[in-house]
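>
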Amino acid sequence: MKPFTRITSVAAFLDEDAVDTDIIFPARFLLLLDKVGLGKHAFHERRHKPSGEKFILDTPPYDRAQIFVAQKNFGTGSSREQAVWALVDFGIRCVIAESFGEIFFANCYKNGVLPIVASGEKLAAIRRAAGEAQEITVDLPSQTIQLADGTAISFDIDPYRKNALLNGLDDIGMILADDIEDIRAFEERQRRESPWLYLGADKLSHFDDLEKENALG
Amino acid sequence: MPLTLYDKIWNQHVVKDYEDGGSLLYVDRHLVQEVSSPQAFAGLKSAGRELRRPDAHIAVADHAVPTTDRSVTLPDSLARRQVARLVENAAEFGIPYIPIRDRRHGIVHVIGPELGFTLPGTVLVCGDSHTCTHGAFGAIAFGIGASECECVFATQAIRQRKQKTMRILLEGERPEGVEVKDFILAIIARIGVGGGAGYAIEYAGSAVRALSMEQRMTLCNMSIEAGSRVGMVAPDEKTFAYLEGRPLAPKGDEWDCAVEAWKQLVSDEDAVFDREVVIDVSELAPFVSWGTTPEECAPINATVPDPSREVDEARRAKMQRSLDYMGLKPGMPLSQIRIDRVFIGSCTNGRIEDLRKAASVVKGHKVADNVAAIVVPGSAAVRIQAEQEGLDRIFIEAGFEWRTSGCSMCVAMNDDRLTEGERCASTSNRNFEGRQGKGGRTHLMSPPMAAAAALTGRLTDVRQIGRNQ
C-alpha cells in the first residue's frame, strides 16, 4: 500500500449530503475484475450529464485534486471497494467530510486514502479554501490541515490506522506476522467449546452433488 | 457487568485486544460472491497466501446473473467473465461453489439461512453491505470491503473496533396492511441514513418477538440503510425452529449443546445501551419512499413534501435535488404517483412469505396496462416452494413475469434495469440515484404495496385493494 505522509493540492468539493457509493461508482461498472483503471468511471453519471454540464473533477484546476471535500454521510450505501479504487485511480488521496458511510470509511484505509471527519467552522473553512482553489496541505504526522492563509486545522485519527497509513502497512501482513499463533489458539479453544462452528466432512457432504457451472457451457 | 447481546458475541470472538483500542475479531462464516471477491482472490494469489479455512466459506454468483432463461449458457460478456472467475477461484481454493442452476442457488443473504450456514452466536461477514440480514439469527453479521474479504481468506480474522450499541424497541400491535418493511422504513425516517453509524443495533420489544424469522431478516437487512453495519435480534424458539434440520446446522447432541449456548444470547435485563429508540408500530401506516435516500419516505396517505418548508439549509437542498431527480412536485399526493415498473424480490423482500403476501394481493386481479412487473424469488428454494403453492400461477395470470433467483433489479448489474426516467415500485432496499438503472426512479415499499401498485399503475394504499379469495 502506498504510504501517506503529506499532500498538498487543491481540493475538489461536492456540496451534497448522502453521496452514496452508487453515485461514486455506478453498479454496472462493478463487472470489471480489476482494481486499476477505474478512475474513468468515478462519478460517471455526474460527469456525463445530458446537459453537458461539467463535473468538478473535470474542471481545472480540480481535475488534478488529491483532496475531496464532501458533506454528511459520504460513501453511504454499498460496500463496493471500487468506490475507493476509482477515487485512488483518479488521484484522490484524502476525503474530508462531516461523516462517512462506515464501510467506505474502512475501505479508504486499505488503499492509502485518508478519510478525515471535520464539521462546523472547520469544515466550512476547508470548503471555502476549496472553493477558492487554494492549495491545501494535509499533514498526517502532525494531524493538521494547513490552509493557504495560515489556518491550521487539527484532525483525529485512530493511532493504528495512522501508523498503517504512514508506513504503507496492510492488515493481512501484520496479522500473519504477529497474531497467527493467537488465532490458532483461539480456533483450538472454539473448536472444543463450539464444535458446530466447524463444518466437518459430514455436513459438507451436503455439497457432494454440486455440479460444474453449466451456465458457462 | 450486565452485557448486551452484541457484547456477548463480541467477547466470544475476540482473538486479542490491541493496545491501540482495536481488537482482532474471529470470523466464523464468510459468504463469497462474484462482485467483491475477484480482487480479494487476486491479492491472495499475488502474495502467495493460503486460504486459511475452506470450510468457513461458501461461494455463489448472485449479483450479475440473469434471471431470465437459465437453460442457455451465459453469453460472452463481462458478467460471464465475472462468474467464470468466481468458479475458478472457488475451485483453486477449495471452497464450495453453488452453480446458477443448482437447487441451492440464490442471493447470499437468502441462502445462508436456508442452508443453516447462518447460525446464532456467529460472526458472519460478506463483501456486501446487506450482510446485516443475518443478524436476524442473533449473529454479528456485517458487510466488508474486498480488502477485508482478502484478510478473512488469509487469516479468518479481521481488525475491528467495538461499536456502540443502540436498542430499537418496537412495541404495539402491527396494524393490518402494515409490514415489517414499513417498520424499518419508519425507523430510517426517524433516525436518518446516518443515525445508526457507529452503532450495532439490536431490535427488541414485543413487536419484534412477534415477527417470523423471515420478517426479522427484512428488519435487520435494512440496518445499513440507517447507517449501521450491524442489526440483530436475539435468538429464540422461532430461531431454533427455523434452523433445526437445515443441512449445515448442528445435529443430534451437537444441536442440543448449540441450543443451550444460543439461549444465553440475550441482552441482560439491566444491560445499558448507548442509545435507545422506541417506536409504537400500532401507529404506523404503509410507507413509500419519495426521494433518493431511504430516509426520504412517508406514509402512503401523505403528500410529496415541500422543501421550502424545511428550515435546515442542507436538508432543503437535498430534498430539492431528490424531487428534481424523482420528477415530483411538492404537495402531490403520493398515491397519485404513476409507475412504469414493479420489482418484487431482493435480499430484503424476496422470501416465500414476501411472495405469499404479494400473491394474496394480486390474486384474481390484473397488472395495469403499461406496467411491466417482475417477481424474482430470492433463491431457487423460494422459487420451488412458491411453485408448489401455485404462487407462480397467480403472478403469471395477473401479468407478472416469473423469474429465477438473483439480485436482479435491486442492483441492476444484469439486464433487469430501468431505463432513463422510468419509475418503479420496488421491494428492494435502496432508492439511490441510478440504483435500478441510469436515470431510473425507485420507490421503496413492502411486497403487498408493490403488488397493489402493479394492479393500479400508481402508488397505492394496499388497504384499499379488494381481496379475491
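Residue numbers (the working numbering), protein chains in the order written: chain A, 1 to 217; chain H, 218 to 686. Just so it is clear, CB atoms sit at the ideal spot from N, CA and C, and this is done for glycine as well. Note that the structure is a prediction, hence the values are computed from the model and not measured.
1) Could you check the C-alpha separation between residue 373 (chain H) and residue 471 (chain H) for me, to the nearest Å?
2) Any C-beta of chain H sitting closer than 8 Å to the C-beta of residue 207 (chain A)?
3) Going by other Cβ atoms of all chains shown within 10 Å of its Cβ, with 16 needed for buried, is residue 287 (chain H) buried or exposed?
4) CB-CB under 6 Å to residue 264 (chain H), same chain, minus the five flanking residues each way: which ones, in chain order?
5) Cα separation between residue 428 (chain H) and residue 120 (chain A)?
6) DSSP puts residue 492 (chain H) in a beta bridge; with which residues?
7) Is it buried or exposed, residue 686 (chain H), if we count other Cβ atoms within 10 angstroms and call 16 or more buried?
8) Output, in chain order, the set of chain A residues within a Cβ distance shorter than 8 Å of residue 649 (chain H).
9) Using the three-state DSSP reduction, which class does residue 509 (chain H) fall into: helix, strand or coil?
10) With a 10 Å radius around its C-beta and 16 neighbouring C-beta atoms as the bar for buried, classify residue 344 (chain H) as buried or exposed.
11) Select from H:593, H:663, H:281 the residue whose C-alpha is nearest the C-alpha of residue 631 (chain H).
12) If you follow the beta strand (DSSP E) that residue 327 (chain H) is in, where does it begin and where does it stop?
13) For the alpha helix (DSSP H) that contains residue 104 (chain A), what are its first and last residues?
14) Here's the rule: buried if 16 or more other CB atoms are within 10 angstroms of the residue's CB, otherwise exposed. What is residue 498 (chain H)?
15) Between residue 222 (chain H) and the ligand ATP, is there a pair consisting of the residue's CB and a ligand heavy atom that are separated by less than 7 Å?
16) Expressed to the nearest angstrom, what Euclidean distance is found between the alpha-carbon atoms of residue 667 (chain H) and residue 513 (chain H)?
17) Quick check on DSSP: helix, strand or coil for residue 420 (chain H)?
18) For residue 618 (chain H), which residues does DSSP report across the bridge?
19) Give, in chain order, every unbroken run of the beta strand (DSSP E) that is at least 3 residues long and sits entirely within the stretch 618-667 of chain H.
20) In chain order, what residues of the same chain have a beta carbon less than 6 Å from the beta carbon of residue 61 (chain A), not counting five sequence neighbours either side?
21) Whose C-beta lies closer than 6 Å to the C-beta of residue 230 (chain H) among residues of the same chain, with five residues either side of it excluded?
22) Under a three-way DSSP split, which group does residue 162 (chain A) fall into?
23) Helix, strand or coil, according to DSSP, for residue 241 (chain H) in the structure here?
24) List, in order along the chain, the chain H residues whose C-beta lies closer than 8 Å to that of residue 188 (chain A)?
25) I'd like the list of long-range same chain contacts for residue 56 (chain A), defined as Cβ closer than 7 Å, with 5 residues on each side in sequence excluded.
26) Let me see if you follow: with CB-CB separation under 8 Å, is residue 219 (chain H) close to chain A or not?
27) I want to see whether chain A comes within less than 8 Å of residue 666 (chain H), judged by CB atoms only; does it?
28) Can a CB atom of chain H be found closer than 8 Å to the CB of residue 167 (chain A)?
29) Measure from the alpha carbon of residue 583 (chain H) to the alpha carbon of each residue in H:395, H:670, H:629, H:529, then state which is nearest.
30) Against chain H, with Cβ distances strictly below 8 Å, would residue 39 (chain A) count as a contact?
31) Please state whether the Cβ-Cβ distance between residue 452 (chain H) and residue 354 (chain H) is less than 8 Å.
32) To the nearest angstrom, report how far apart residue 473 (chain H) and residue 197 (chain A) are at their CA atoms.
33) With distances taken Cα to Cα, identify the nearest neighbour of residue 460 (chain H) among H:540, H:248, H:678, H:331.
34) Quick check on the DSSP output: the alpha helix (DSSP H) that includes residue 82 (chain A) runs from which residue to which?
35) Can you tell which of H:672, H:255, H:532 has its C-alpha closest to the C-alpha of residue 296 (chain H)?
36) May I have the straight-line CA-CA distance separating residue 596 (chain H) from residue 580 (chain H), to the nearest angstrom?
So, to answer that:
1) For the pair residue 373 (chain H) and residue 471 (chain H), the Cα-to-Cα distance works out to about 23 Å.
2) By this cut-off, residue 207 (chain A) is an interface position.
3) buried
4) Take residue 264 (chain H), set aside five residues on each side of it, and no residue of its chain has a beta-carbon closer than 6 Å to its own.
5) 42 Å
6) H:383
7) In this prediction, residue 686 (chain H) scores a pLDDT of 46, lower than 50, which makes its location untrustworthy; no coordinate-derived value is stated.
8) 20, 22, 23, 77
9) coil
10) buried
11) H:281
12) Looking at the DSSP string, residue 327 (chain H) is not in any beta strand (DSSP E); the run it does join, the alpha helix (DSSP H), is 325-332.
13) 102-109
14) buried
15) Among the ligands in the structure shown, none appear at all, so the ligand ATP cannot be discussed.
16) Rounded to whole angstroms, the separation of the alpha carbons of residue 513 (chain H) and residue 667 (chain H) is 17 Å.
17) strand
18) Residue 618 (chain H) is bridged to H:591.
19) 640-643, 658-661
20) 10, 133
21) 242, 243, 340
22) In the structure shown, residue 162 (chain A) adopts helical secondary structure according to DSSP, grouped into three states.
23) strand
24) Residues of chain H passing the Cβ test: none, with the nearest at roughly 12 Å.
25) Non-local beta-carbon contacts of residue 56 (chain A) in its own chain, meaning distances under 7 Å to residues more than five positions away in sequence, involve 12, 13, 14, 62 in chain order.
26) So, not an interface residue.
27) no
28) no
29) H:670
30) no
31) yes
32) Going by the C-alpha atoms only, they are around 14 Å apart.
33) H:331
34) 82-90
35) H:255
36) 22 Å
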